[in-house]
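Colleague: Going down the list, the protein sequences come from chains A and B. Residue 109 in this note's numbering sits at position 104 of the first sequence, with consecutive numbering throughout. Residue 325 in this note's numbering sits at position 145 of the second sequence, with consecutive numbering throughout. The C-beta atom is built at its ideal place from N, Cα and C for all residues, glycine as well. Below you'll find the structure I mean.
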Amino acid sequence: MQDFIIYKGLLAIIIFAITLVVAMYSTYAERKVAAFLQDRVGPDRAGPFGILQPLADGVKMFMKEELIPSVSNKTLFIIGPGISMLTACMTGTVIPWGPALTIGDKIYSLQLTNLNIGILYLFGVISLGVYGIMIGGWASNNKFSLLGAIRASSQMISYEVAMGLSIIALVMTTGTLSLGEIAAQQTGWHWNILVQPLGCLIFIICAFAETNRAPFDLPECETELVGGYHTEYSSMKLGFFLFAEYINMFISSAVISTFYFGGYNMPFIGRFVHDPNALAILGVVFMFAKVFFFIFFFMWVRWTIPRFRYDQLMNLGWKILIPISILNLVLTGVFGMRHEIMNYFSSL
Amino acid sequence: MQLTNRSKVVVKKEMTFVERLYLPAIFSGMIITFKHLFKKSATIKYPEQTREFSKIYRGQHVLKRDEAGAERCTACGLCAVACPAEAITMTAAERKPGEEGLYREEKYAAKYEINMLRCIFCGDCEEACPKEAIFLTDRKVDSFYQRGNLIFGKDILVEGVAAEERIDVSSRQTPEVAEFKKQKNAQHNILFTKRK
Chain A
6 MQDFIIYKGL LAIIIFAITL VVAMYSTYAE RKVAAFLQDR VGPDRAGPFG ILQPLADGVK
66 MFMKEELIPS VSNKTLFIIG PGISMLTACM TGTVIPWGPA LTIGDKIYSL QLTNLNIGIL
126 YLFGVISLGV YGIMIGGWAS NNKFSLLGAI RASSQMISYE VAMGLSIIAL VMTTGTLSLG
186 EIAAQQTGWH WNILVQPLGC LIFIICAFAE TNRAPFDLPE CETELVGGYH TEYSSMKLGF
246 FLFAEYINMF ISSAVISTFY FGGYNMPFIG RFVHDPNALA ILGVVFMFAK VFFFIFFFMW
306 VRWTIPRFRY DQLMNLGWKI LIPISILNLV LTGVFGMRHE IMNYFSSL
Chain B
181 MQLTNRSKVV VKKEMTFVER LYLPAIFSGM IITFKHLFKK SATIKYPEQT REFSKIYRGQ
241 HVLKRDEAGA ERCTACGLCA VACPAEAITM TAAERKPGEE GLYREEKYAA KYEINMLRCI
301 FCGDCEEACP KEAIFLTDRK VDSFYQRGNL IFGKDILVEG VAAEERIDVS SRQTPEVAEF
361 KKQKNAQHNI LFTKRK
């Protein structure tokens, strides 16, 4: 029991540290990817190739003067970025980072907790994320912040519907709510994107909206709302909001790869490597390769397409994505019941 | 009326179903940006690399001395008149006996100042100068940190006497330029008479 607690504690710390480091370097990667896509060089002054840029940014954030507007609700103003950061970090617990390691006669799972309602937990925590933005925007007592917060909450609520519906279709095909099992089912080429291509597309689009990334970055729409919900924030509180976005992006990438792209599985790898522990380590590598690809994908999209207008965003969410995801749900149901339906018609 | 054959008639047509899906357009856009990942960056990393300058780049001004080391400027004020930004001011003084080595002619500029905040590096001063005294050179102007240092006086502008301190302006002081300066009815001279 004691071993178990130490192991889980260690794993939690490692996952937390990796999440933070990946988010930290996502800020650097974002600037580099943006630069490369625009034929520029990007940050290259701090350390070789600008590797130390995130540290410099972090120091800058900490050293900045911290302003709390006198008209703001101070408690909520301080809690806002905290909630954003907390909910962003909480989602990492249910993601299976790799197959279990076997050392001696003990099995060490690389998933922090294999909840049997993992998907439900994930959605609950992601939904809580909107509170951080809403509270932050509300407590600022600033019209731009409030507008940004309202946009953020309505956007997240709208897209959660379509996201949930696309996930229900996935749950219908996999028959489980546990992320560990969903990942384990997709061995070899049995990736869920082949079963649920439409659902995958809807989920990715909704993931963009949930993380407030371009083309759905209306909550912090600089051209209209100054900085959106974090207009009044400065110093590390602003840093927390920005950082939470990158953590969300990392977790979203992990969730997309677990749900639809095989998680830690890679086709044909079983033919070359037979040692289960080596496979587990390779699984972690593949998982992170997929995650990094999707982080790149998030950035690639951001620096390619312009932002949606607000009415277009709502149209897309309510009039297009939700009907399509319901259609996807029906098609999945029909496909799942095809034998029963065939039997019914042949018995007529 | 049609001026060129390049004009296009704009039609606000309804988008087709494929266009309304947005996705094909998004993917084609993403392919375009992906191609740019492998293109050479246009950045010049300034302190380490410098852009290749034109031979007649107009940078930091210089007040030339003649071969003997005497200042060429006679404080005639044509450059100040020519200056569209009104950046040049000067105070004339008479040459005392015994200063023949310092100043080429009887009159010289005791004070010659260029306000670098106003200068637009157009080169009109150089074109106006009848004594071939002021030139714009290919030297870059350093960045400033204090406003007080922005008025450049003779201590910065006049070149040194020693051979290694001379500023090379041979690319600008060509025979063609010398010929042009001799034309008294040339455009620059006419312009000044008009302005006055």
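Using a Cβ-Cβ distance cut-off of 8 Å, determine whether Q58 of chain A contacts chain B.
Modeller: As a working mapping, residue 58 of chain A is identified with position 53 in the first sequence. By this cut-off, Q58 of chain A is not an interface position.
Colleague: For chain A, check one thing: does any of its Cβ atoms lie closer than 8 Å to the Cβ of S221 of chain B?
Modeller: Along the second sequence, read from residue 1 onward, the residue named residue 221 of chain B stands at position 41. Yes, its Cβ sits closer than 8 Å to a Cβ of chain A.
Colleague: Only counting the same chain, and skipping five residues up and downstream in sequence, which positions put a Cβ closer than 7 Å to that of A212 of chain A?
Modeller: Start at 1 with the first residue of the first sequence, and residue 212 of chain A comes out as number 207. Excluding residues within five positions, the ones whose Cβ falls inside 7 Å are S257, I261.
Colleague: Pull the bridge partners of T254 of chain B from the DSSP assignment, please.
Modeller: As a first step, residue 254 of chain B is located in the second sequence; it is residue number 74 there, counting from the start. Looking at the DSSP assignment, T254 of chain B forms no beta bridge with any residue, so it has no partner.
Colleague: Residues in its own chain within less than 6 Å of L258 of chain B by CB, not counting five upstream and five downstream?
Modeller: Translated into positions along the second sequence, residue 258 of chain B becomes position 78. A308.
Colleague: Going by DSSP, what residues sit across from A273 of chain B in a beta bridge?
Modeller: Against the second sequence, residue 273 of chain B aligns to sequence position 93. In DSSP, A273 of chain B forms a bridge with B:Y288.
Colleague: Between Q201 of chain A and chain B, is there a C-beta pair that is closer than 8 Å?
Modeller: Here residue 201 of chain A refers to the residue found at position 196 when the first sequence is read from its first residue. So no, Q201 of chain A is outside the interface.
Colleague: Would a check of beta-carbon distances place K225 of chain B closer than 8 Å to chain A?
Modeller: Sequence index remark: in the second sequence, residue 225 of chain B carries index 45 (1-based). Yes, contact with chain A.
Colleague: Starting from the beta carbon of I310 of chain A, find every residue of chain B whose beta carbon is closer than 7 Å, and list them in chain order.
Modeller: As a working mapping, residue 310 of chain A is identified with position 305 in the first sequence. Those are I206, G209, listed as they occur along chain B.
Colleague: Taking the straight line between their C-alpha atoms, what separation do you get for R298 of chain B and V338 of chain B?
Modeller: Along the second sequence, one-based indexing puts residue 298 of chain B at 118. Along the second sequence, one-based indexing puts residue 338 of chain B at 158. Each residue's alpha carbon lies about 19 Å from the other.
Colleague: Taking 6 Å as the limit between beta carbons, can you name the residues of its chain near A39 of chain A, skipping five residues before and five after?
Modeller: Numbered from its first residue, the first sequence carries residue 39 of chain A at position 34. Only W308 meet the Cβ criterion.
Colleague: T230 of chain B CB to nearest chain A CB: under 8 Å?
Modeller: As a working note, residue 230 of chain B is residue 50 in the second sequence. Chain A contact via Cβ: absent.
Colleague: Looking at G268 of chain A: is its Cβ nearer than 8 Å to the Cβ of Q191 of chain A?
Modeller: Stepping through the first sequence from its first residue, residue 268 of chain A is reached at position 263. Stepping through the first sequence from its first residue, residue 191 of chain A is reached at position 186. Yes. Within cutoff.
Colleague: For A313 of chain B and N295 of chain B, which I take to be in contact (beta-carbon distance under 8 Å), what is that distance rounded to the nearest angstrom?
Modeller: By 1-based counting over the second sequence, the position of residue 313 of chain B is 133. By 1-based counting over the second sequence, the position of residue 295 of chain B is 115. Not a contact, Cβ separation roughly 18 Å.
Colleague: Roughly how many whole angstroms lie between the Cα atoms of V290 of chain A and I100 of chain A?
Modeller: Taking the first sequence and counting its residues from 1, one reaches residue 290 of chain A at position 285. Taking the first sequence and counting its residues from 1, one reaches residue 100 of chain A at position 95. The straight-line gap from Cα to Cα measures roughly 14 Å.
Colleague: How would you list, in chain order, the residues of chain B whose beta-carbon sits under 9 Å from the beta-carbon of H42 of chain A?
Modeller: One-based indexing of the first sequence puts residue 42 of chain A at position 37. Sequence inspection shows Leu at residue 42 of chain A; the His mentioned does not correspond to that position. What L42 of chain A touches in chain B: T213, F214, H216, L217.
Colleague: Just how far apart, CA to CA, sit A248 of chain B and P48 of chain A?
Modeller: In the second sequence, the residue the question calls residue 248 of chain B occupies position 68. In the first sequence, the residue the question calls residue 48 of chain A occupies position 43. Approximately 51 Å, taken between the alpha carbons.
Colleague: With respect to the alpha helix (DSSP H) encompassing F128 of chain A, which residues constitute its N-terminal and C-terminal limits?
Modeller: Sequence index remark: in the first sequence, residue 128 of chain A carries index 123 (1-based). Here the alpha helix (DSSP H) through F128 of chain A covers 123-144.
Colleague: Would you say L184 of chain A and T263 of chain A are within 8 Å of each other, going by their C-beta atoms?
Modeller: Counting from one through the first sequence, the residue named residue 184 of chain A turns up at place 179. Counting from one through the first sequence, the residue named residue 263 of chain A turns up at place 258. Taking 8 Å as the Cβ cut-off, L184 of chain A and T263 of chain A qualify as a contacting pair.
Colleague: How about the stretch 236-247 of chain A and the stretch 157-172 of chain A: do they share at least three Cβ pairs that are nearer than 8 Å?
Modeller: Contact fails: fewer than three Cβ-Cβ distances are below 8 Å.
Colleague: Can you list, in chain order, the residues of the stretch 287-306 of chain A whose Cβ is nearer than 8 Å to any Cβ on chain B?
Modeller: Those would be W305, V306, in chain order.
Colleague: For W102 of chain A, is the classification buried or exposed, using 16 other Cβ atoms within 10 angstroms of its Cβ as the cut-off for buried?
Modeller: Within the first sequence, numbered from 1, the residue matching residue 102 of chain A stands at position 97. Result: buried.
Colleague: Just confirm the distance between the C-beta atoms of F221 of chain A and M168 of chain A, as a whole number of angstroms; I'd bet it's less than 8 Å.
Modeller: As a working note, residue 221 of chain A is residue 216 in the first sequence. As a working note, residue 168 of chain A is residue 163 in the first sequence. Rounded, the Cβ-Cβ distance is 12 Å, inconsistent with contact.
Colleague: If we ignore side chains and look at the alpha-carbon of each, how far apart do F332 of chain B and E279 of chain B end up?
Modeller: Taking the second sequence and counting its residues from 1, the one referred to as residue 332 of chain B is at position 152. Taking the second sequence and counting its residues from 1, the one referred to as residue 279 of chain B is at position 99. Taking the straight line joining both Cα atoms gives about 24 Å.
Colleague: Under a Cβ-count criterion, where at least 16 other Cβ atoms within 10 Å of its own Cβ denotes burial, should A290 of chain B be classed as buried or exposed?
Modeller: If you number the second sequence from 1, residue 290 of chain B lands on position 110. A290 of chain B is exposed by the Cβ-count criterion.
Colleague: Hey, would you say the C-beta of T178 of chain A is under 7 Å away from at least one heavy atom of the ligand ZN?
Modeller: Only the bare structure without any ligand can be found here, which leaves the ligand ZN out of the picture.
Colleague: Per the contact definition of three or more C-beta pairs closer than 8 Å, is the stretch 30-45 of chain A in contact with the stretch 285-303 of chain A?
Modeller: Cβ pair count under 8 Å is three or more, so yes.
Colleague: Quick one, which of B:S208, B:E293, B:S323 has its alpha-carbon nearest D335 of chain B's?
Modeller: The residue you call residue 335 of chain B lines up with position 155 of the second sequence. Ranking the options by Cα distance to D335 of chain B, first place goes to B:E293.
Colleague: Taking the beta carbon of S77 of chain A as the centre, do at least 16 other beta carbons fall within 10 Å, making it buried, or is it exposed?
Modeller: What you label residue 77 of chain A is simply residue 72 of the first sequence in a count that begins at 1. Label assigned to S77 of chain A: buried.
Colleague: Quick check on K376 of chain B - is its C-beta less than 8 Å from some C-beta in chain A?
Modeller: In the second sequence, the residue the question calls residue 376 of chain B occupies position 196. Legend: pLDDT at K376 of chain B = 46, less than 50; position of this residue unreliable, value from coordinates given subsequently. Not closer than 8 Å to any Cβ of chain A, the Cβ of K376 of chain B fails to qualify, so no.
Colleague: Compare the C-beta of V166 of chain A against all C-beta atoms of chain B and say whether one is closer than 8 Å.
Modeller: As a working mapping, residue 166 of chain A is identified with position 161 in the first sequence. No, V166 of chain A does not count as interfacial toward chain B.
Colleague: Does any residue of chain B bring its CB to less than 8 Å from the CB of R314 of chain A?
Modeller: Along the first sequence, one-based indexing puts residue 314 of chain A at 309. Output row for R314 of chain A: interface = no.
Colleague: Check whether the Cβ atoms of V349 of chain B and K244 of chain B sit closer than 8 Å, and answer yes or no.
Modeller: The residue given as residue 349 of chain B occupies position 169 in the second sequence. The residue given as residue 244 of chain B occupies position 64 in the second sequence. Yes, Cβ-Cβ distance for V349 of chain B and K244 of chain B is below 8 Å.
Colleague: Apart from the five residues on each side of it in sequence, which residues of its chain come closer than 7 Å, Cβ to Cβ, to K376 of chain B?
Modeller: As a first step, residue 376 of chain B is located in the second sequence; it is residue number 196 there, counting from the start. Reliability of the predicted coordinates at K376 of chain B is poor, the pLDDT of 46 falling under 50, and the value obtained from them is presented with this limitation in mind. Closer than 7 Å at Cβ, skipping near neighbours: no residue.
Colleague: With burial defined as no fewer than 16 other Cβ atoms inside 10 Å of the residue's Cβ, what is the status of A343 of chain B: buried or exposed?
Modeller: The residue labelled residue 343 of chain B in the question sits at position 163 within the second sequence. A343 of chain B is exposed by the Cβ-count criterion.
Colleague: Quick one: what's Y283 of chain B bridged to in DSSP?
Modeller: Here residue 283 of chain B refers to the residue found at position 103 of the second sequence. Beta-bridge pairing links Y283 of chain B to B:E251.
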